[in-house]
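If you number the sequence shown the way numbering that gives the first Met the number 0 does, the last residue is 673 and the count never jumps. Even for Gly, the Cβ is constructed at its ideal location relative to N, Cα and C. Source: prediction; values computed, not measured.
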Amino acid sequence: MPAGGEGSGERARRAPGSAAATSASVRAGSRASTSGAPAAVAGAADEGGRVRCEEPPGPCGNLSVSLTSGVVGAAGSLTARLKPPRCPAGGVCRCAEERACWPRSSSNAGMDFTEAYSDRCSAVGLAAREGNVKVLRKLIKQGYSIDVPDNRGWVPIHEAAARGSSECLRLLVRAAPSDDYVNSKTFEGMSALHLAARCGSVESIRVLLEAGADPSDVTTERTTPLFLAVENGNTDAVTFLLQHGANVQGPHSLSGWNSLHQAALQECTEIMRMLLEKGAGKECQDDFGITPLFVAAQYGKLESLQLLISHGADVNCQAKDRATPLLIAAQEGHLECVRLLLANGADPNLYCNEDNWQLPIHAAAEMGHDKILELLIPVTDRICDKGKGKVSPVYSAVYGGNKECLETLLREGYSPDAQECLSFDCRSPMCMVFQKKYFYFIDTFLKYGITLLGINLGYCLYHEKFALFQRFLKLGCLLPSGDQLWDFLSYTIQAQEAYKQWLPYLLLAGFDPVNLMHRLWILSVGDNALNFTLEFTNWKRLPPAVEQDLSEYKETFTWTPKSHFTSIPPLSHLCRLEIRAILRSERLRSDRFIRELPLPACLQDYLLYLDVLRVNGIPEAEDYLGQREEGAAPSTEDAERRDTCATGTRRSEREAGSEPAAWRSPWARHGMSP
Numbered sequence: 000m001p002a003g004g005e006g007s008g009e010r011a012r013r014a015p016g017s018a019a020a021t022s023a024s025v026r027a028g029s030r031a032s033t034s035g036a037p038a039a040v041a042g043a044a045d046e047g048g049r050v051r052c053e054e055p056p057g058p059c060g061n062l063s064v065s066l067t068s069g070v071v072g073a074a075g076s077l078t079a080r081l082k083p084p085r086c087p088a089g090g091v092c093r094c095a096e097e098r099a100c101w102p103r104s105s106s107n108a109g110m111d112f113t114e115a116y117s118d119r120c121s122a123v124g125l126a127a128r129e130g131n132v133k134v135l136r137k138l139i140k141q142g143y144s145i146d147v148p149d150n151r152g153w154v155p156i157h158e159a160a161a162r163g164s165s166e167c168l169r170l171l172v173r174a175a176p177s178d179d180y181v182n183s184k185t186f187e188g189m190s191a192l193h194l195a196a197r198c199g200s201v202e203s204i205r206v207l208l209e210a211g212a213d214p215s216d217v218t219t220e221r222t223t224p225l226f227l228a229v230e231n232g233n234t235d236a237v238t239f240l241l242q243h244g245a246n247v248q249g250p251h252s253l254s255g256w257n258s259l260h261q262a263a264l265q266e267c268t269e270i271m272r273m274l275l276e277k278g279a280g281k282e283c284q285d286d287f288g289i290t291p292l293f294v295a296a297q298y299g300k301l302e303s304l305q306l307l308i309s310h311g312a313d314v315n316c317q318a319k320d321r322a323t324p325l326l327i328a329a330q331e332g333h334l335e336c337v338r339l340l341l342a343n344g345a346d347p348n349l350y351c352n353e354d355n356w357q358l359p360i361h362a363a364a365e366m367g368h369d370k371i372l373e374l375l376i377p378v379t380d381r382i383c384d385k386g387k388g389k390v391s392p393v394y395s396a397v398y399g400g401n402k403e404c405l406e407t408l409l410r411e412g413y414s415p416d417a418q419e420c421l422s423f424d425c426r427s428p429m430c431m432v433f434q435k436k437y438f439y440f441i442d443t444f445l446k447y448g449i450t451l452l453g454i455n456l457g458y459c460l461y462h463e464k465f466a467l468f469q470r471f472l473k474l475g476c477l478l479p480s481g482d483q484l485w486d487f488l489s490y491t492i493q494a495q496e497a498y499k500q501w502l503p504y505l506l507l508a509g510f511d512p513v514n515l516m517h518r519l520w521i522l523s524v525g526d527n528a529l530n531f532t533l534e535f536t537n538w539k540r541l542p543p544a545v546e547q548d549l550s551e552y553k554e555t556f557t558w559t560p561k562s563h564f565t566s567i568p569p570l571s572h573l574c575r576l577e578i579r580a581i582l583r584s585e586r587l588r589s590d591r592f593i594r595e596l597p598l599p600a601c602l603q604d605y606l607l608y609l610d611v612l613r614v615n616g617i618p619e620a621e622d623y624l625g626q627r628e629e630g631a632a633p634s635t636e637d638a639e640r641r642d643t644c645a646t647g648t649r650r651s652e653r654e655a656g657s658e659p660a661a662w663r664s665p666w667a668r669h670g671m672s673p
């Protein structure tokens, strides 16, 4: 739908962690945060340097399993637990139940690459995890191995780096069995430098870099130490890494997300300045074409946005789905960001989808941001209102259910009729009102003079809004005709059980009953509705096809026409038909014009079909004819209350079995479909 419909450049962009976020907008939250080292669990070391667990061993024994080194458990099999889902960086868990379904740590639960198990950690690793320099020095002197991995693939140098213990790191670096030890990787591809950068320990970073750690090393998710330092807001660590050759260019994560993207998201303006001064690209894009300025606009980071604009970042950049910073700021309701973007040259008329109709004004209208809408209306080209191939923001306001935004648009001159929008199967905004069942919009549209189409009457029947059906007729709704007629017929068949609440009003308004008498309609409606309709015709001069269908219907089914249908209509009835045809529909919507004719009251009643209404037990129609044309029609609220009561009554009657079974499923009755 407008500004957010499927297949129309929809962008339900939300904050990281939101279930509604789409691929083009969750880059700030798509990277799973790497978890820090958990607290140590006490355990005693055996002779091999591995911690003994108080729990009994599981089926695989106490030996840890390494998928990289091929160490096999006591039972002789490799076991590994799937990694449970983790929350996006900076976000919250989307589903507590999802996390609860994953098994917790136990001696026989297999392996988890994110959770530290005390029974899978060596004595050296445990000492490094606790930052216990004295114990670590003693264990190294006693010859304990410093490269035994735990269930996550962490060796002691990782534990020390995550702890931020530079002294432990120095001991481990000196005792390293090879030059590659400093760049040892966990199962997630993290080096000690990654963990130190995440921890923010500048001294640990210094020790590792001096030992030969690669400042531009990447994890399995292509994450750099610089990115982790930025992500965790470790300004000093960022400064130190930049001073020692960390690369600010190119992607710093698997999705193409850059350190400048992350700094903009977190509004770390000091870090942003450092990155920009070191040459970070202002227009760097992730896999979805999103720039740091787009991120700032999306998440309402005003200071980040100001800084990027001051450095010359493009305010009209477009993501791969053609979304602009102005569109996303308008969609997310960031008023000050919208002001800033407009003040710095953001184009409100730059199309943001492949169909070339979506603009920021659509996003604001759909999402209900009235203040932003007021900013965009004066600067948006009005071709979007009724232009061919475009979509009016009126549709967007209706689709989003935002009455205030709709009122603002109509008050500022946007058309309540708008253009036909076949892309969304809507002939007019009123069609969308019925499509979405937002009936509270109807009074607003009527207030601003919407043209009521004949198909709107069909929608009233479909939704059983019979009081609204009557109101539309009173207000001059066009009668169904042309290509709308067949759809209308299908709705009348659906509502034929309640024909007394709509058929009299339709025929009294001047609708030609012959237009109803399609073969399918004749075979589908009940006998009473058919007999009532024939009262408004010259039943002896019907079109040949209609006469044939009626004849076949009478022979095949149990229809009993009224006795006077076998005779030629009286002259009075023929005159009534002729006079009403001359008066035309516009003068038949109420009794006012006929009551002003210089005729006796009995003839006026006859022209108004009061005799037929009374015989068929429809006195309400007589009252309806006497209502004032404009003001007396009930409001939509009152009409809905009446419809609810009427619908409840009909349902009670159906439950009591008071209706003929043949009426309940007209399509099944004849094996037909419209």
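Report buried or exposed for residue 272, applying the criterion of at least 16 other Cβ atoms within 10 angstroms of its Cβ.
-> Working through the sequence shown from its first residue, we reach residue 272 at position 273. Answer is exposed; the Cβ neighbour count stays below 16.
What is the DSSP secondary structure of residue 562, reduced to helix, strand or coil?
-> Here residue 562 refers to the residue found at position 563 when the sequence shown is read from its first residue. Correct three-state label for residue 562: helix.
For the stretch 208 to 216 against the stretch 234 to 254, are there 3 or more C-beta pairs whose distance is under 8 Å?
-> yes
Can residue 474 and residue 513 be called in contact, C-beta distance under 8 Å?
-> Position 475 of the sequence shown holds residue 474. Position 514 of the sequence shown holds residue 513. In this structure, residue 474 lies away from residue 513, with their beta-carbon atoms at least 8 Å apart.
Is residue 183 near residue 156, with beta carbons less than 8 Å apart?
-> Here residue 183 refers to the residue found at position 184 when the sequence shown is read from its first residue. Here residue 156 refers to the residue found at position 157 when the sequence shown is read from its first residue. For residue 183 and residue 156, yes; Cβs fall inside 8 Å.
By Cβ distance, which residues of its chain are closer than 8 Å to residue 520, with the 5 residues on each side in sequence left out?
-> Within the sequence shown, the letter at position 521 stands for residue 520. Excluding sequence neighbours, residue 520 sits near 488, 491, 492.
Cβ neighbour criterion (16 or more within 10 Å) applied to residue 693 = Any property of residue 693 remains undetermined from this structure, which presents the chain solely from 0 to 673.
May I ask which residues mark the beginning and end of the alpha helix (DSSP H) holding residue 271?
-> Here residue 271 refers to the residue found at position 272 of the sequence shown. It spans 268 to 276 - the alpha helix (DSSP H) in which residue 271 sits, taken as one unbroken run.
Counting pairs of Cβ atoms below 8 Å between the stretch 458 to 474 and the stretch 601 to 618, do you hit three or more?
-> No, because fewer than three Cβ pairs between the stretch 458 to 474 and the stretch 601 to 618 fall closer than 8 Å, the two stretches do not touch.
For residue 425, which of helix, strand or coil comes out of DSSP?
-> Working through the sequence shown from its first residue, we reach residue 425 at position 426. Strand at residue 425.
Taking DSSP as the reference, what is the three-state secondary structure of residue 165?
-> In the sequence shown, the residue the question calls residue 165 occupies position 166. In the three-state scheme derived from DSSP, where H, G and I count as helix and E and B as strand, residue 165 is classed as helix.
Cβ separation of residue 309 and residue 268, assumed to be a contact under 8 Å, to the nearest whole Å = Within the sequence shown, residue 309 is the residue found at index 310, counting from 1. Within the sequence shown, residue 268 is the residue found at index 269, counting from 1. With a Cβ gap of about 11 Å, residue 309 and residue 268 do not count as contacting.
Residue ranges of each beta strand (DSSP E) within the stretch 300 to 381, 3 or longer | none
Go ahead and label residue 581 buried or exposed: buried means 16 or more other beta carbons lie within 10 angstroms of its beta carbon, across all protein chains shown.
-> Within the sequence shown, residue 581 is the residue found at index 582, counting from 1. Classification of residue 581: exposed, given that the 10 Å Cβ count is below 16.
What are the uninterrupted segments assigned as alpha helix (DSSP H) that are 4 or more residues long and contained completely in the stretch 484 to 559, given in chain order?
-> 484 to 493, 502 to 507, 518 to 523, 526 to 533, 543 to 555
When 260, 254, 171, 255 are compared against residue 230, the one with the closest alpha-carbon | In the sequence shown, residue 230 corresponds to position 231, counting from 1. The candidate whose alpha carbon is nearest that of residue 230 is 260.
Range covered by the alpha helix (DSSP H) that runs through residue 575 | On the sequence shown, residue 575 is found 576 positions in, with the first residue counted as 1. Taken as a continuous stretch (DSSP letters only), the alpha helix (DSSP H) holding residue 575 covers 570 to 582.
Bridge partners - residue 420, DSSP secondary structure assignment | Here the question's residue 420 lines up with position 421 in the sequence shown. Looking at the DSSP output, residue 420 sits in a beta bridge with 425.
Ignore the nearest five residues each way along the sequence and tell me which others in residue 621's own chain have a CB closer than 7 Å to its CB.
-> Here residue 621 refers to the residue found at position 622 of the sequence shown. Cβ within range, chain order: 609, 612.
Would you kindly work out how many angstroms separate the C-alpha atoms of residue 262 and residue 358, rounded to a whole number?
-> Residue numbering aside, residue 262 sits at position 263 when the sequence shown is read from its first letter. Residue numbering aside, residue 358 sits at position 359 when the sequence shown is read from its first letter. Those two C-alpha atoms are separated by around 28 Å.
Mind checking which residues open and close the alpha helix (DSSP H) that includes residue 455?
-> In the sequence shown, the residue the question calls residue 455 occupies position 456. From DSSP, the alpha helix (DSSP H) with residue 455 extends over 453 to 461.
Would residue 380 be called buried (16 or more neighbouring beta carbons within 10 Å of its own) or exposed?
-> Within the sequence shown, residue 380 is the residue found at index 381, counting from 1. Under the 10 Å beta carbon count, residue 380 is surrounded by fewer than 16 other beta carbons and is classified as exposed.
In angstroms, rounded to a whole number, what distance separates the CA positions of residue 70 and residue 193?
-> Taking the first residue of the sequence shown as 1, we reach residue 70 at position 71. Taking the first residue of the sequence shown as 1, we reach residue 193 at position 194. Note on residue 70: pLDDT 29, under 50, position unreliable in the model; no value is reported.
Cα-Cα, which of 375, 287, 320, 314 is closest to residue 329?
-> Residue mapping note: residue 329 aligns to position 330 of the sequence shown, counting from 1. The residue with the shortest Cα to Cα distance from residue 329 is 375.
When you compare only the Cα positions, how much space is there between residue 597 and residue 508?
-> Within the sequence shown, residue 597 is the residue found at index 598, counting from 1. Within the sequence shown, residue 508 is the residue found at index 509, counting from 1. So the two alpha carbons sit approximately 21 Å from each other.
For the stretch 329 to 338 and the stretch 354 to 371, state whether three or more C-beta atom pairs, one from each stretch, are separated by less than 8 Å.
-> yes
Do residue 312 and residue 341 have their CB atoms nearer than 8 Å?
-> In the sequence shown, counting from the first residue as 1, residue 312 sits at position 313. In the sequence shown, counting from the first residue as 1, residue 341 sits at position 342. No, these two residues do not count as a Cβ contact at 8 Å.
Buried versus exposed, by CB contacts within 10 Å (16 or more), residue 404 = In the sequence shown, counting from the first residue as 1, residue 404 sits at position 405. The residue in question, residue 404, is buried, as its Cβ has 16 or more Cβ neighbours within 10 Å.
Could you check which residue in 239, 560, 277, 254 has the C-alpha nearest to that of residue 286?
-> For the purposes of this step, residue 286 is taken as residue 287 along the sequence shown, with counting starting at 1. Answer by Cα proximity: 254.
What number of angstroms, rounded off, separates the C-alpha of residue 297 from the C-alpha of residue 306?
-> Locating residue 297 in the sequence shown gives position 298, counting from the first residue. Locating residue 306 in the sequence shown gives position 307, counting from the first residue. Distance between the alpha carbons of residue 297 and residue 306 is about 15 Å.
Nearest-angstrom Cβ-Cβ length linking residue 135 and residue 170, presumed shorter than 8 Å = In the sequence shown, counting from the first residue as 1, residue 135 sits at position 136. In the sequence shown, counting from the first residue as 1, residue 170 sits at position 171. Rounded, the Cβ-Cβ distance is 6 Å, consistent with contact.
Within 10 angstroms of the Cβ of residue 145, are there 16 or more other Cβ atoms? Answer buried if so, exposed if not.
-> Numbered from its first residue, the sequence shown carries residue 145 at position 146. Label assigned to residue 145: buried.
If we ignore side chains and look at the alpha-carbon of each, how far apart do residue 316 and residue 384 end up?
-> One-based indexing of the sequence shown puts residue 316 at position 317. One-based indexing of the sequence shown puts residue 384 at position 385. One C-alpha to the other measures close to 25 Å.
Which residues mark the beginning and the end of the alpha helix (DSSP H) in which residue 296 is found?
-> Counting from one through the sequence shown, the residue named residue 296 turns up at place 297. It spans 291 to 297 - the alpha helix (DSSP H) in which residue 296 sits, taken as one unbroken run.
Straight-line gap, residue 322 to residue 248 (C-alpha atoms, nearest Å) = Position 323 of the sequence shown, counting from 1, holds the residue named residue 322. Position 249 of the sequence shown, counting from 1, holds the residue named residue 248. Residue 322 and residue 248: Cα-Cα distance of roughly 24 Å.
Between which two residues does the alpha helix (DSSP H) harbouring residue 219 extend?
-> If you number the sequence shown from 1, residue 219 lands on position 220. Premise fails: residue 219 is in no alpha helix (DSSP H) and is neither H nor E.
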